[in-house]
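Residue numbers (my numbering): 1377 to 1461. Where a beta carbon is used, it is the ideal one built from N, C-alpha and C, also for glycine.
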């Protein structure tokens, strides 16, 4: 009788450890991707509420502009520095 009680306790302890590890992983993921998750959740909430999602459109515009600026090939010839200041 004591063996079964100890085995049940061991199973419950293992279950609690696994749940704790999953919770820690979820918290770490949320910390890493927190702002993205909040933005996506807010976007979904706005769409469900029937509001236009202008923040997402603005983010797409900004990302396109950043990608375009990143693809510009800069050399020392294109450096203006502090000329005229």
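Assigned secondary structure, residue 1426 (DSSP; H/G/I helix, E/B strand, else coil): In this structure, residue 1426 counts as coil in the three-state DSSP scheme.
Beta-carbon proximity of residue 1411 to residue 1419, cut-off 8 Å: No, they are not a contact pair.
Residue 1370 versus residue 1417 - alpha carbon distance: This structure leaves residue 1370 out entirely; the chain is present only between 1377 and 1461.
Inter-residue Cα distance where the pair is residue 1450 and residue 1439: One Cα belongs to residue 1450, the other to residue 1439, and the distance between them is close to 20 Å.
Residue 1395 versus residue 1435 - alpha carbon distance: If I take the Cα positions, the gap works out to 36 Å.
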